[in-house]
Structures are given as C-alpha cells and as structure tokens.
Amino acid sequence: MQNKRRRYFGMTCMQVIILGCLGLIALGGVGYFARLVLGIGAPLEIAPAPTIRAEPATSLPIETITPLPSDTPALPTPTFTATTYESLIPKGWTQFKYTKVEMWMPADFVKATSSVKDDVIYAENKNEKGGGFIVSVSLSKDTPTVTDLDDYIRDGLKHFTPETTFLEKKGFEIGSYEVVRLKMQAIIMNIPMGEAIYFIKDGGTIWIISGLSHYNEFNDWLKTFDQIAHTFRVNP
C-alpha cells in the first residue's frame with residue numbers, strides 16, 4: 021500500500037515546518053529591529069534628572085513716580101476794563117447839549133439853524149459841501165404813544181416820500197439803550213443823498229439822530245456818523 025503524505029492547506033508537513041521556521045526567523049528579525057528602534061525587550065535606562073542650580077534673584081530697579089498735585093492751580097480770572105463815556109469821545113471834538121442830553125462832533129461841525137422845528141440840536145460841517153450839499157447832523161425828540169421801537173419805525177416808514185429808498189435796518193449799540201439804525205437814500209433838490217438815522221429808545225421818549233451827506237460820499241461819512249451817535253447820552 022502506497023503511503024500518502026498528509027497535506028495541510030495544500031502543503032506537506034515538512035513544508036509547514038519549514039514555513040514555521042522561516043516565520044520564526046522573520047519574527048526574530050522584526051523583533052530585532054523593534055528592539056533597535058523602540059527599545060522593545062531591552063532594559064529601560066532612565067537618564068538621571070539634570071541638576072538645576074538656583075541663581076540668586078536679581079532685584080529690578082524701582083522707578084520713582086512723582087505724584088500729581090492734588091489740586092490743579094486755578095487759571096487767572098480775566099479782567100475786563102469797562103468802557104468809559106469819555107473814551108468814546110475822540111480828541112478835539114466839540115460838545116453839543118440840549119437840557120440833559122449831550123453829543124459830541126468833530127471840530128469842523130458848528131451849530132446852525134435847522135429848518136425842521138423838531139430838531140433840538142443841529143450842526144453843519146463848515147468845511148464840507150460834498151456835491152454842493154452841506155453835511156449835517158441833527159437830534160430830534162419824540163414822545164409817541166407807540167411803545168415798541170420796531171412798531172414806531174414801521175409806522176414812520178409809511179410816511180417817507182417815493183423819492184426815499186430804504187437800504188438797511190440793523191441793531192446798533194449806544195450804552196444800555198435800545199437802538200436801531202436805518203440807512204436811507206433820498207433825492208433832495210435833484211441831488212442824491214445818503215442818510216443814517218438812529219432811533220434811540222429812552223423810556224417813553226425816542227431820540228432820533230440823523231446824519232446826512234451826498235450819496236457819493238455817504239459810505240465815507242457813515243463811520244463818523246456812527247462815532248457821533250456813540251457819544252449820545254442823557255445825563256441824570
């Protein structure tokens with residue numbers, strides 16, 4: 021009877037043994053490389069902990085901070101010099117008075133007779149006849165029943181002639197009085213005239229200052245008319 025060799029997975033017993041030996045060799049190689057790389061199977065050597073030498077602490081310099089003052093010094097209080105009446109009068113000007121009222125004008129203005137009956141002060145410039153017309157300043161007085169200054173001016177504008185053109189209305193400062201200044205243009209005896217009118221409310225009385233010149237010179241005279249108006253005051 022012919023012997024039949026037992027086979028495992030299609031291999032003889034000898035082939036299985038040889039394959040097992042090769043496997044052990046391969047495992048041994050893997051184990052070698054594992055021990056070599058990972059240290060598997062080799063005794064674990066622990067390196068001694070490094071000795072740390074304590075250094076003496078170095079103290080940092082402390083910056084000295086100057087404390088802020090507890091109280092902020094107060095700023096100096098501004099001082100204001102009050103404007104005196106006398107400082108409003110240019111040197112060399114002449115005084116014009118009516119009862120308790122006074123005004124000042126340049127020295128070349130002289131008292132004259134006005135054709136307007138309501139004028140209480142009337143002066144002409146003796147040296148200036150711009151365009152053949154005398155430059156003049158007048159003061160008149162009114163005690164109207166209308167107490168509001170704007171209403172008084174509005175009512176007065178209704179009575180101006182067609183030859184009169186209203187140019188400007190603005191507030192004006194004269195002491196503590198309520199004042200409004202008008203600028204007008206008028207044709208008088210075929211001569212174009214410029215007029216500055218200052219309405220000054222003094223209780224129930226309205227004082228009216230008028231400065232009149234040729235229209236071509238009016239803007240030059242307006243500054244002088246303003247200065248004259250600033251010198252107006254009613255004495256106690």
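Count along the sequence shown from 1, then add 20; that gives the number in this note's numbering. We put the beta carbon where it would ideally sit given N, CA and C, even for glycine. Predicted model, so just to flag it, every value in this text is computed and none were measured.
Residue environment, Asp-279, which counts as buried when at least 16 other CB atoms sit within 10 Å: Residue 279 falls outside the range modelled here, since the chain spans only 21 to 256, and no answer is possible.
Best match in Thr-114, Ile-211, Ser-156, Tyr-118 for proximity to Pro-126 [C-alpha to C-alpha]: To locate residue 126, count along the sequence shown from 1; it is residue 106. The shortest C-alpha separation from Pro-126 is found at Thr-114.
Unbroken alpha helix (DSSP H) run spanning Phe-186, endpoints: One-based indexing of the sequence shown puts residue 186 at position 166. Not the alpha helix (DSSP H): Phe-186 falls in the beta strand (DSSP E), residues 184-191.
Rounded straight-line distance, which links the Cα of Ile-141 to that of Thr-133: Counted from its first residue, the sequence shown places residue 133 at position 113. Counted from its first residue, the sequence shown places residue 141 at position 121. Approximately 9 Å between the Cα atoms of the pair.
Environment of Ala-214 [buried if 16+ CB atoms lie within 10 Å]: Working through the sequence shown from its first residue, we reach residue 214 at position 194. Note that residue 214 is Gly in the sequence shown, not Ala. So Gly-214 counts as buried.
8 Å CB neighbourhood of Ala-143 in its chain, flanking five on each side removed: Position 123 of the sequence shown, counted from the start, is the residue given in the question as residue 143. Cβ neighbours of Ala-143 beyond the five flanking positions: Phe-116, Met-125, Phe-129, Val-130, Lys-131, Ala-132, Ser-156, Val-157, Ser-158.
Neighbourhood of Asp-242 by C-beta, 7 Å cutoff - its chain only, sequence neighbours within 5 removed: If you number the sequence shown from 1, residue 242 lands on position 222. Residue 242 is actually Leu in this sequence, not Asp. Ala-216, listed in sequence order.
Tyr-118: first and last residue of the uninterrupted beta strand (DSSP E) it sits in: One-based indexing of the sequence shown puts residue 118 at position 98. Where Tyr-118 is concerned, the enclosing beta strand (DSSP E) stretches over 114-118.
His-179, buried or exposed, once every other Cβ within 10 Å from all chains shown has been counted against 16: Position 159 of the sequence shown, counted from the first residue, corresponds to residue 179. Answer is exposed; the Cβ neighbour count stays below 16.
Lys-137 to Asn-210 span [Cα, whole Å]: Taking the first residue of the sequence shown as position 1, residue 137 is located at position 117. Taking the first residue of the sequence shown as position 1, residue 210 is located at position 190. So the two alpha carbons sit approximately 23 Å from each other.
Length of the line joining the Cα atoms of Tyr-172 and Leu-232: Reading the sequence shown from its first residue, position 152 is the one you call residue 172. Reading the sequence shown from its first residue, position 212 is the one you call residue 232. Roughly 21 Å separates the two Cα atoms.
Proximal residues to Gly-224 (C-beta, below 8 Å), its chain only, five neighbours per side dropped: Within the sequence shown, the letter at position 204 stands for residue 224. The residues are Thr-163, Thr-167.
Cβ shell of Thr-244 (< 8 Å), same chain only, five flanking positions each side left out: The count along the sequence shown starts at 1 and reaches residue 244 at position 224. Closer than 8 Å at Cβ, skipping near neighbours: Pro-126, Gly-231.
Alpha-carbon to alpha-carbon, Asp-240 and Pro-176: As a position in the sequence shown, residue 176 is number 156, starting the count at 1. As a position in the sequence shown, residue 240 is number 220, starting the count at 1. In the sequence on display, residue 176 carries Gly and not Pro. The alpha-carbon atoms of Gly-176 and Asp-240 are separated by roughly 26 Å.
Residue span of the beta strand (DSSP E) that contains Leu-232, given as start and end: Taking the sequence shown and counting its residues from 1, the one referred to as residue 232 is at position 212. 225-234 is the extent of the beta strand (DSSP E) around Leu-232.
Inter-residue Cα distance where the pair is Ser-237 and Ile-109: Here residue 237 corresponds to residue number 217 of the sequence shown, with the count starting at 1. Here residue 109 corresponds to residue number 89 of the sequence shown, with the count starting at 1. In the sequence as displayed, the identity of residue 237 is Glu instead of Ser. If I take the Cα positions, the gap works out to 23 Å.
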